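The block underneath contains the structure these notes are about, expressed in structure tokens.
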Amino acid sequence: MTRRTAYWPCYLLVAGLSQVLAEPSAPAPSVSAAPAKPLATISVIANKIAEPLAEVAGTVSVIERQRIDQIVAADIKDLLRYEPGVSVNEDSVRFGAQSISIRGIDGNRIAIEVDGVPITDGFSVGSFSRASRDLVDPELLERVEILRGPASTLYGSDALGGVIAYQTRDPQAFLDQGDGKFYVGARLRSGSSDHSRLLTATSAVAAGDWGLLFSASDRNAGERENFARPGGLDANPARVRDRLGLAKIHWHSERAGNFDLVAEDHRSHNAVDVQSLVAGPGQFATTTSLLADDLAKRDRLSLSWQQALRFGPFDQITQRFYSQDTDFNQRTTQHRRGATATAAATLRERQFHYAQATDGSELIVDGERQTGALKHRLVAGFEWVENRLREQRDGTETNLRTGAVSHVIIGEVLPVRDFPNSKTRELG
């Protein structure tokens, strides 16, 4: 597998020319430069506050942006492939990446967050309905933190197996590549394993205490090559398109603190010709064609605030408000021949819809105190989350000889809900 990356940044540079003095100057005494000390890696995931990774008691890994570019991570599977004990569960037939496994625990027992906002829960039923948790693209990430092992005390029961925390890119990360005031860049990448093409355009600007970032990417891909043995099945033909957008406004105030307003949009469209299930086992024995058309989208709006604090033992306060909508729409078109020579051919059309809307708020105060030779780090806070869930499966079976339409498929009367429309509230 090979990938090719091209990167063209354009900067607006304002520079002054200094004059060279004609008069000779006295030589300055030589001063040996002090050796540069590498900055300590900082982790937030373990205790929800920034602290040196070397002081974290749990098993935590940090993947910085430099490493993401080094391994040419095109998706979450590429991003995590070198992490011991961490893997990505995939469905090679239709749905692709589904969830992340940490030390054998996966699904909704792994907490996943983007900028502190939890990703939607996964859900699946049967062979035609599956809502995944693969809703993040490495192209927009600045760093990833992985906490292995239970972390339910801070993250709730969803963190039984561990936590994955994604952090999106900031305006300053791009401005540092130019003159600190303006940046425009584009990235073009291709991959031979799935014939993918990715184009990303980014702009960032700084004006006084304000920083603005806008980044958009468009990825087109096909099926992933499986190098089938002679006489074996090739990968199911697929057309994949992912569109992502990230807008971030940062404001720094000496008196009011730091504010970050983030808007994120993710659209994914997968069209798959599921040839591997034609004349397949069980209910697929009479299948002559199976076409899948899957849509997924995630929209997020969040506002975070951080300020120095002088209240008892606490030195800093962080607060976050967020709203997120996630929606899955999946359609399946299945043509079937008659089970016998005289039976009529049929057409089965299925639809699956799953949506989760999340609103929440989080407040954290922390501080550090010294007592003799002992250093104490104090953290306190609360989190409130409201989730609204909707789900429905529908479908019809059409007799292609008579035109009769039935809402009963394999003994199941459709439409049907696998759970009632629900609203949950959590406070901790």
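In the numbering used here, the protein residues as written are 958 to 1385. Where a beta carbon is used, it is the ideal one built from N, C-alpha and C, also for glycine. This structure is a prediction, so every number in the text was calculated from the model and none was measured.
Practice prompt. Using 10 angstroms around the beta-carbon of Arg-1198, count the other beta-carbons present and answer buried if the total reaches 16, otherwise exposed.
Written response: Locating residue 1198 in the sequence shown gives position 241, counting from the first residue. It counts as exposed.
Worksheet item: Just the Cα atoms here: how many angstroms apart are Ile-1057 and Leu-1036?
Response: As a working mapping, residue 1057 is identified with position 100 in the sequence shown. As a working mapping, residue 1036 is identified with position 79 in the sequence shown. If I take the Cα positions, the gap works out to 11 angstroms.
Practice prompt. Would you identify the three-state DSSP class for Arg-1100, choosing helix, strand or coil?
Written response: Numbered from its first residue, the sequence shown carries residue 1100 at position 143. Residue state, collapsed to three classes: strand.
Practice prompt. Note down the Cα distance separating Ala-1011 from Asp-1272, rounded to an integer number of angstroms.
Written response: Against the sequence shown, residue 1011 aligns to sequence position 54. Against the sequence shown, residue 1272 aligns to sequence position 315. So the alpha carbons of these two residues sit roughly 22 angstroms apart.
Practice prompt. Please report the Cβ distance between Ser-1172 and Leu-1155, rounded to the nearest whole angstrom; I am assuming they are in contact, meaning their Cβ atoms lie under 8 angstroms.
Written response: Along the sequence shown, one-based indexing puts residue 1172 at 215. Along the sequence shown, one-based indexing puts residue 1155 at 198. Wrong, their Cβ atoms sit about 12 angstroms apart, outside the cutoff.
Worksheet item: Assuming Arg-1350 contacts Pro-1372 under a Cβ cut-off of 8 angstroms, what Cβ separation, rounded to an integer in Å, is found between them?
Response: By one-based count along the sequence shown, residue 1350 stands at place 393. By one-based count along the sequence shown, residue 1372 stands at place 415. Rounded, the Cβ-Cβ distance is 6 angstroms, consistent with contact.
Discussion item. In the DSSP assignment, the alpha helix (DSSP H) including Tyr-1112 goes from what residue to what residue?
Written reply: Along the sequence shown, one-based indexing puts residue 1112 at 155. Run containing Tyr-1112: 1109-1112, per the alpha helix (DSSP H) assignment.
Worksheet item: Roughly how many whole angstroms lie between the Cα atoms of Ala-1116 and Arg-1105?
Response: Walking along the sequence shown from the start, residue 1116 turns up at place 159. Walking along the sequence shown from the start, residue 1105 turns up at place 148. If you take the alpha carbons of Ala-1116 and Arg-1105, they lie about 10 angstroms apart.
Worksheet item: Taking Cβ to Cβ, would you say Ala-1068 is nearer than 9 angstroms to Gly-1113?
Response: Translated into the one-based positions of the sequence shown, residue 1068 becomes position 111. Translated into the one-based positions of the sequence shown, residue 1113 becomes position 156. Closer than 9 angstroms, so yes.
Practice prompt. Give the straight-line distance between the Cα atoms of Phe-1268 and Phe-1085, rounded to the nearest whole angstrom.
Written response: As a working mapping, residue 1268 is identified with position 311 in the sequence shown. As a working mapping, residue 1085 is identified with position 128 in the sequence shown. C-alpha separation (whole angstroms): 54 angstroms.
Discussion item. Could you check whether Arg-1293 and Thr-1245 sit closer than 9 angstroms to each other, using their CB atoms as the reference points?
Written reply: Within the sequence shown, residue 1245 is the residue found at index 288, counting from 1. Within the sequence shown, residue 1293 is the residue found at index 336, counting from 1. Yes.
Fill in: Element boundaries [alpha helix (DSSP H), containing Ile-1025]
Here the question's residue 1025 lines up with position 68 in the sequence shown. Run containing Ile-1025: 1022-1027, per the alpha helix (DSSP H) assignment.
Worksheet item: For Leu-1132, which of helix, strand or coil comes out of DSSP?
Response: Within the sequence shown, the letter at position 175 stands for residue 1132. Looking at Leu-1132 - three-state DSSP - the assignment turns out to be helix.
Worksheet item: For Gln-1281, does the count of other Cβ atoms within 10 angstroms reach 16, so buried, or fall short, so exposed?
Response: For the purposes of this step, residue 1281 is identified with residue 324 of the sequence shown, where counting begins at 1. Buried: at least 16 other Cβ atoms inside 10 Å.
Worksheet item: Where Asp-1217 and Gly-1237 are concerned, what is the direct C-alpha to C-alpha distance, given to the nearest angstrom?
Response: In the sequence shown, residue 1217 corresponds to position 260, counting from 1. In the sequence shown, residue 1237 corresponds to position 280, counting from 1. Their backbone Cα atoms lie some 52 angstroms apart in a straight line.
Fill in: Chain-order list of residues whose beta-carbon lies under 6 angstroms from that of Glu-1340 (same chain, five-residue window excluded)
Translated into positions along the sequence shown, residue 1340 becomes position 383. Answer for Glu-1340: Glu-1319 and Gly-1385, listed in chain order.
Fill in: Straight-line gap, Phe-1131 to Ala-1220 (C-alpha atoms, nearest Å)
Position 174 of the sequence shown, counting from 1, holds the residue named residue 1131. Position 263 of the sequence shown, counting from 1, holds the residue named residue 1220. Each residue's alpha carbon lies about 18 angstroms from the other.
Discussion item. Could you tell me the alpha carbon to alpha carbon distance between Ile-1033 and Asp-1091, rounded to whole angstroms?
Written reply: Locating residue 1033 in the sequence shown gives position 76, where the first residue counts as 1. Locating residue 1091 in the sequence shown gives position 134, where the first residue counts as 1. Cα to Cα, Ile-1033 sits roughly 7 angstroms from Asp-1091.
Worksheet item: How would you call Gly-1118, buried or exposed, if buried means at least 16 neighbouring beta carbons within 10 angstroms?
Response: For the purposes of this step, residue 1118 is taken as residue 161 along the sequence shown, with counting starting at 1. The residue is buried, with at least 16 neighbouring Cβ atoms inside 10 Å.
Practice prompt. Compare the C-alpha of Ser-1150 against each of Ala-1030, Arg-1307, Ala-1300 and Ser-1000 and name the closest.
Written response: Mapped onto the sequence shown, residue 1150 falls at position 193. Residue Ala-1030 is the option with its Cα nearest to Ser-1150.
Worksheet entry | Own chain partners of Ala-1161 with C-beta closer than 6 angstroms, once the 5 adjacent residues on each side are dropped | Walking along the sequence shown from the start, residue 1161 turns up at place 204. Same-chain partners within the cutoff: Pro-1128, Phe-1131, Leu-1132, Tyr-1140 and Leu-1170.
Worksheet item: Which residues mark the beginning and the end of the alpha helix (DSSP H) in which Ile-1033 is found?
Response: Counting from one through the sequence shown, the residue named residue 1033 turns up at place 76. Where Ile-1033 is concerned, the enclosing alpha helix (DSSP H) stretches over 1033-1037.
Discussion item. Going by beta-carbon coordinates alone, are Ile-1206 and Gly-1168 separated by less than 9 angstroms?
Written reply: To locate residue 1206, count along the sequence shown from 1; it is residue 249. To locate residue 1168, count along the sequence shown from 1; it is residue 211. Against a cut-off of 9 angstroms, the Cβ pair of Gly-1168 and Ile-1206 comes out as a contact.
Worksheet item: What is the DSSP secondary structure of Asn-1065, counted as helix, strand or coil?
Response: The residue labelled residue 1065 in the question sits at position 108 within the sequence shown. In this structure, Asn-1065 counts as helix in the three-state DSSP scheme.
Discussion item. Could you compute how far the alpha carbon of Val-1013 sits from the alpha carbon of Leu-1190?
Written reply: Locating residue 1013 in the sequence shown gives position 56, where the first residue counts as 1. Locating residue 1190 in the sequence shown gives position 233, where the first residue counts as 1. For Val-1013 and Leu-1190, the distance between alpha carbons rounds to 47 angstroms.
Fill in: Nearest-angstrom Cα separation, counted from Gly-1188 out to Val-1093
Here residue 1093 is taken as the residue at index 136 of the sequence shown, counted from 1. Here residue 1188 is taken as the residue at index 231 of the sequence shown, counted from 1. If I take the Cα positions, the gap works out to 36 angstroms.
Worksheet item: Under a three-way DSSP split, which group does Gly-1119 fall into?
Response: As a working mapping, residue 1119 is identified with position 162 in the sequence shown. Note: Gly-1119 maps to strand in three-state DSSP.
Worksheet item: Since Gly-1355 contacts Leu-1304 with CB under 8 angstroms, what's their CB separation in whole angstroms?
Response: Walking along the sequence shown from the start, residue 1355 turns up at place 398. Walking along the sequence shown from the start, residue 1304 turns up at place 347. The displayed chain sequence assigns Thr, not Gly, to residue 1355. Contact holds; Cβ gap of about 5 angstroms.
Worksheet item: What does Val-1197 pair with, by DSSP beta-bridge criteria?
Response: For the purposes of this step, residue 1197 is taken as the residue at position 240 of the sequence shown. Its beta-bridge partners are Ala-1178 and Asn-1227.
Worksheet entry | Alpha-carbon to alpha-carbon, Ile-1028 and Gly-1352 | In the sequence shown, residue 1352 corresponds to position 395, counting from 1. In the sequence shown, residue 1028 corresponds to position 71, counting from 1. Cα-Cα distance, rounded: 43 angstroms.
Discussion item. What does the alpha-carbon distance come out to for the pair Thr-1016 and Gly-1295?
Written reply: Here residue 1016 refers to the residue found at position 59 when the sequence shown is read from its first residue. Here residue 1295 refers to the residue found at position 338 when the sequence shown is read from its first residue. Whole-angstrom Cα-Cα distance: 56 angstroms.
Practice prompt. For Gly-1189, name the three-state secondary structure that DSSP assigns.
Written response: For the purposes of this step, residue 1189 is taken as residue 232 along the sequence shown, with counting starting at 1. In the structure shown, Gly-1189 sits in coil (DSSP, three-state: anything other than H, G, I, E or B).
Worksheet entry | Delimiting residues of the beta strand (DSSP E) encompassing Asn-1344 | In the sequence shown, counting from the first residue as 1, residue 1344 sits at position 387. Run containing Asn-1344: 1331-1356, per the beta strand (DSSP E) assignment.
Worksheet item: Buried or exposed: where does Ile-1366 fall if 16 or more other Cβ atoms within 10 Å of its Cβ makes it buried?
Response: Here residue 1366 refers to the residue found at position 409 when the sequence shown is read from its first residue. By the neighbour-count rule (16 or more Cβ atoms within 10 Å), Ile-1366 is buried.
Practice prompt. Assign Ala-979 to one of three DSSP states: helix, strand, or coil.
Written response: Taking the first residue of the sequence shown as 1, we reach residue 979 at position 22. The pLDDT assigned to Ala-979 is 35, lower than 50, so where the model puts this residue is not dependable, and the model offers no usable value.
Discussion item. According to DSSP, is Leu-1155 part of a helix, a strand, or is it coil?
Written reply: Taking the first residue of the sequence shown as 1, we reach residue 1155 at position 198. In this structure, Leu-1155 counts as strand in the three-state DSSP scheme.
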